[in-house]
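Worksheet: the structure to be examined is printed underneath.
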Amino acid sequence: MAETSPGEISTRGRRRNQTPKRGARRGFLVPEIREIRASNNDTDDVADAFLKGLHDANHGGTLYLPKGETFVIGKPLDLTFLNNVHVRLDGEIKFTNDTPFWQANSFRHPFQNSIMFWKWGGKDVKIYGEGVLNGNGQRWWNEFSGLEILDPANAYLRPILFYAENATGLHVEGIHFKDSPCWTTFVVTSKDISFKDVACTAESNNATALPKNTDFFDSLNVEKVRVERAWVNIGDDCFSPKSNATDIHVDTMYCNGTHGQSMGSIGQYQGEKSFIQDVVIENVWMLNGQHSARLKSWAGEKAGYGFINNVTFRNFWNANNEYAAFLDSCYFQINSTTCAQFPSKVDISNVLFENFTGTTSGKYGRAVARLTCSSSPNAVCENIRFKDFNVQSPAAARPSSCATASRTVSAPRVSRRRATRASRAQGQVHIASGGAAWSAVVGVWFDKTRSWTAPASLRGQTGCAKKVKPAGGGYSPCIY
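Here numbering that gives the first Met the number 0 is used: position 113 in the sequence shown is 112, and no number is missing along the way.
Printed below as a string of structure tokens:
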């Protein structure tokens, strides 16, 4: 192929006005394929050529970025005009690490003061291949070290690697997301979104500058999201839909070193309603992280309100996580006094933790899960169910039992109504492995008959309504 001048577009494949090859179906045309020149070094910006390539491939064509080539982006790009276009990425797209430039010139979104290198959007967009999208994050992590993204005083903003807004039919397949400065993907006001057979990594070469807040997936106002077969090794949430997400399905993810499969956080902004509903997260490996399955809602004087409803976490394999299940209605960094004074106004209902196996790290002793419901009389925390929850702590090899954070309610006297009242007053439950003392559930109702394959000694009992000493046990379990 003849060489092109800087910024020039070359064309491969058949043009729309060419005659189809013999044997092709009548009227069938091979989609137009566009290529752009590659960068000569890490500062050779081809952003203008990339933008022109997408304009030329738009409406039925493909922009092809071949293996062995690097395409450096050094200026923000607005790609929200796309319609029926493919990007075949087998090479590498890499962003410059000029931190002062990007902080001054990036696109911005008010949610958690986000900035981004570029913004994708439009209809029927597919990004696929075996290539790398490289955020070149090491300098950002070094300079951010010691800071906190949710600190209102934080002025050091870091770009999101892949941002999309107002997209319908956006599909990403086969791509490796590498070293994002901040969140890896953030999808806003979009529907019919999928990530399939992708990898996401963020690995620092500086032990004092970790890749913080590099969540694989975050969202705002989305509908119909599908994630299928994702391998994630990053420094924060593995998967984290935030405000106003519905119809979410994750099937098969590997998460190492993360904060968990997290619903939220939601309820952050005063006066704003937010929700997450109709979610299934299944077939997940959670390793060496903070938590496994997690729900987060804000408390505090200026928190918002809303609900999390109909969420299923199913088939989770755990190893070396702090909690296998964590419901946190005292988010973010709210102490117990403040949380009691200004409890979360987010309802949490119809949550199922099903078929959990493995072990915790033992950081919290025998505790393998923690459920902190809101103590507000106006917030609901109900129908939180555990089914086939077989997670052990290295601190004890016995099956699980339930213990409240502080006071104990006599189990024979706890009815469903009284348990609900108790949850509002107390609001916190620990699920621990082993233990000799009987403690009732406060804030969560465990329905043995419907939600558990109960041992023979507990069959026919409902929740924690009766104190039962299993044969050879020496302790009274609340759940198995």
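Positions of the beta carbon are idealized from the N, C-alpha and C atoms, including for glycine.
Please determine, among the options, the residue with the shortest C-alpha to C-alpha distance to residue i.
{"i": "ASP44", "options": "ARG87, LYS93 and TYR330", "result": "LYS93"}
{"i": "ASN39", "options": "GLY52, THR69 and GLY259", "result": "THR69"}
{"i": "ALA56", "options": "LEU76, THR42 and ASN82", "result": "ASN82"}
{"i": "ASP47", "options": "GLY128, TRP139 and GLY73", "result": "GLY73"}
{"i": "PHE215", "options": "GLY364, SER261 and LYS223", "result": "SER261"}
{"i": "THR337", "options": "LEU326, TYR322, SER373 and ALA318", "result": "SER373"}
{"i": "GLY60", "options": "GLN111, VAL124 and VAL71", "result": "VAL124"}
{"i": "ILE35", "options": "VAL86, PRO75, THR42 and HIS58", "result": "VAL86"}
{"i": "VAL71", "options": "LEU62, LYS344 and PHE49", "result": "PHE49"}
{"i": "SER375", "options": "SER296, ALA366, THR213 and LYS362", "result": "SER296"}
{"i": "ILE174", "options": "THR167, VAL131 and TYR162", "result": "VAL131"}
{"i": "LEU53", "options": "ASP191, GLY67, VAL84 and PRO65", "result": "VAL84"}
{"i": "ASN317", "options": "VAL345, ALA368, GLU31 and SER203", "result": "ALA368"}
{"i": "GLU381", "options": "MET115, SER348, ASP150 and ARG33", "result": "SER348"}
{"i": "PHE110", "options": "ALA323, ILE148 and VAL390", "result": "ILE148"}
{"i": "PHE325", "options": "ALA201, PRO342, TRP230 and GLN289", "result": "GLN289"}
{"i": "VAL191", "options": "VAL221, TYR363, THR200 and SER264", "result": "Going by the sequence as given, residue 191 is Asp instead of Val. Taking only the C-alpha atoms, the option nearest ASP191 is VAL221."}
{"i": "PHE388", "options": "PHE331, SER360, LYS362 and ALA323", "result": "ALA323"}
{"i": "HIS58", "options": "GLU31, SER113 and ALA37", "result": "GLU31"}
{"i": "ILE307", "options": "ILE114, GLY266 and ALA152", "result": "GLY266"}
For residue i, which residues in the same chain have their Cβ closer than 6 Å to its Cβ, ignoring the five residues on either side in sequence?
{"i": "ASP277", "result": "THR245, ASP246 and ASN309"}
{"i": "TYR268", "result": "GLY303"}
{"i": "ARG228", "result": "ASP196 and THR251"}
{"i": "ASN287", "result": "ASN255, GLY256 and ASN319"}
{"i": "ASN96", "result": "ASN135 and ARG138"}
{"i": "LEU62", "result": "ARG33, GLY52, LEU53, ALA56 and VAL86"}
Measure how close the beta-carbons of residue i and residue j come, nearest whole angstrom, since I'm counting them as under 8 Å.
{"i": "VAL187", "j": "LEU219", "result": "5 Å"}
{"i": "TYR284", "j": "CYS254", "result": "A small correction: the amino acid at residue 284 is Trp; Tyr does not occupy that position in the sequence shown. About 7 Å; that satisfies the 8 Å criterion."}
{"i": "GLY128", "j": "LEU169", "result": "Not really, about 15 Å apart at Cβ, beyond 8 Å."}
{"i": "LEU351", "j": "LYS301", "result": "Actually they do not touch by this definition, with Cβ atoms about 31 Å apart."}
{"i": "PHE194", "j": "ASP217", "result": "That pair is no contact at about 12 Å."}
{"i": "SER486", "j": "THR356", "result": "Only positions 0 to 479 of the chain appear in the structure, and residue 486 is not among them; the question remains open."}
{"i": "ILE275", "j": "GLY299", "result": "Going by Cβ atoms, the distance from ILE275 to GLY299 rounds to 19 Å, so no, they are not a contact pair."}
{"i": "ARG365", "j": "ASP327", "result": "With 8 Å as the limit, ARG365 and ASP327 do not qualify as a contact, their Cβ atoms being about 19 Å apart."}
Can you give me the Cβ contacts of residue i inside the same chain, cut-off strictly under 8 Å, excluding the 5 residues immediately before and after it?
{"i": "SER335", "result": "CYS329"}
{"i": "ASP77", "result": "PHE106, TRP117 and LYS118"}
{"i": "ASN282", "result": "ASP250, THR251, MET252, ARG313 and ASN314"}
Helix, strand or coil for residue i per DSSP?
{"i": "ALA483", "result": "Nothing about residue 483 can be read from this structure; the chain reaches only from 0 to 479."}
{"i": "ASN135", "result": "coil"}
{"i": "TRP316", "result": "strand"}
{"i": "LYS51", "result": "helix"}
{"i": "TRP451", "result": "Reliability fails at TRP451, whose pLDDT of 26 lies under 50, so the model's placement of it is uncertain and the value that follows must be treated cautiously. Coil."}
{"i": "ALA37", "result": "coil"}
{"i": "ASN141", "result": "helix"}
{"i": "ALA229", "result": "strand"}
{"i": "ALA152", "result": "coil"}
{"i": "ALA368", "result": "strand"}
{"i": "ALA394", "result": "coil"}
{"i": "ALA480", "result": "Outside the displayed range of the chain (0 to 479) lies residue 480, so it cannot be described from this structure."}
{"i": "ALA56", "result": "helix"}
{"i": "ASP178", "result": "coil"}
{"i": "VAL221", "result": "strand"}
{"i": "LYS241", "result": "coil"}
{"i": "SER264", "result": "strand"}
{"i": "ALA421", "result": "Interpretation of ALA421 is limited by its pLDDT of 32, a score under 50 that renders its predicted location unreliable; no figure is taken from the coordinates."}
{"i": "PHE215", "result": "coil"}
{"i": "ALA378", "result": "coil"}
{"i": "GLU147", "result": "coil"}
{"i": "PRO411", "result": "For PRO411, the predicted structure reports a pLDDT of 24, less than 50, and the residue's modelled location is therefore unreliable. A value from the coordinates is still provided. Of the three classes helix, strand and coil, the one that applies to PRO411 here is helix, per DSSP."}
{"i": "GLY69", "result": "One detail in the question is off: residue 69 reads as Thr in this sequence, not Gly. It is a strand residue."}
{"i": "LYS386", "result": "strand"}
{"i": "ASN287", "result": "coil"}
{"i": "GLU271", "result": "coil"}
{"i": "GLY434", "result": "The predicted model places GLY434 with a pLDDT of 31, which falls under 50 and marks its position as unreliable; any figure quoted below should be read in that light. Residue state, collapsed to three classes: coil."}
{"i": "PRO30", "result": "coil"}
{"i": "HIS248", "result": "strand"}
{"i": "HIS258", "result": "coil"}
Under 7 Å Cβ to Cβ from residue i, same chain only, skipping five residues before and after it: list those, please.
{"i": "GLY134", "result": "PHE94, LEU160, LYS177, ASP178, SER179 and PRO180"}
{"i": "GLU164", "result": "THR79, LYS118, GLY120, VAL187, THR188 and SER189"}
{"i": "SER144", "result": "THR207 and ALA208"}
{"i": "TYR155", "result": "GLU142, PHE143 and LEU146"}
{"i": "ASP235", "result": "LYS211, ASN212, THR213, ASP214, THR257 and HIS258"}
{"i": "HIS248", "result": "ARG225 and VAL279"}
{"i": "SER203", "result": "GLN137, TRP140, LEU209 and PRO210"}
{"i": "ASN243", "result": "LEU219, ASN220, SER273 and PHE274"}
Examine the ligand PLP and report whether any of its heavy atoms sits within less than 7 Å of the Cβ of residue i.
{"i": "PHE70", "result": "For the ligand PLP, the structure offers nothing, since it holds no ligand at all."}
Indicate whether at least one CB of chain C lies closer than 8 Å to the CB of residue i.
{"i": "PRO151", "result": "In the structure shown, chain C cannot be found, because there is only a single protein chain."}
*Please list the segments of the beta strand (DSSP E) lying wholly inside the region 82 to 132, counting only runs of 3 or more residues, in order along the chain.*
91 to 94, 106 to 108, 113 to 115 and 117 to 127
_Which complete alpha helix (DSSP H) runs does the region 182 to 211 hold, if anything under 4 residues is left out?_
none
*beta strand (DSSP E) segments (min. 3 residues) lying fully within the region 325 to 362*: 344 to 359
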